[in-house]
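Before any comments, here is the structure.
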Amino acid sequence: MQVSAVKTVTYNELKPLLEKEDGKTYVINFWATWCAPCVKELPYFEKIKEEYADNNVEVLLVSLDFPKQVEKKLIPFINKKKLQSEVILLDDVNEDVWIKAIDESWSGAIPATIIYNSSNRKFYEQSFDYKTLENELKTFIK
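Just so you know, the UniProt record's numbering puts 81 at position 81 of the sequence shown, and the rest follows in order with no gaps.
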């Protein structure tokens, strides 16, 4: 499935996606095509999406790429890597506001990930290997 467009959102549009209480567990990864550690871990998020779909787990990839490069870089990247998770672009110049709003401890560095459900929420400013990511996820879907 080829992607031809990526939804661009402001932080206010992203916020509800970070606070859903619908019985699902969400894995939200903040990344960019220019971030080597981010690109390296993307397959692990894709594998989580595939292997845990039956466990009510949803993966959302929030790109912090430059809005001007969506057509030239982000969309071709998504298609080349055959990403199946939903990808949205966060385009909001008020980084000072939304970085702290997402998590007080976040320096703004990527990759960063939130795993949450209605009873638990955890923020990770780190890269993951598959096993570590899966083990963290398992603490949410007992």
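C-beta atoms are modelled at their ideal positions from N, C-alpha and C, and glycine is treated no differently. Bear in mind the structure is a predicted one, so any value in this text is a computation, not a measurement.
- In this structure, D96 keeps its C-beta atom at 8 Å or more from the C-beta atom of T8.
- According to the DSSP secondary-structure assignment, V62 is paired through a beta bridge with F30, I88.
- DSSP, read as helix, strand or coil, puts K7 in strand.
- Only buried fits S63, as 16 or more other CB atoms lie within 10 angstroms of its CB.
- At the C-beta level, L133 and L83 stay beyond 8 Å of one another.
- Apart from sequence neighbours up to five positions away, the residues of its chain that approach K81 with a beta-carbon distance below 7 Å are L42, ordered along the chain.
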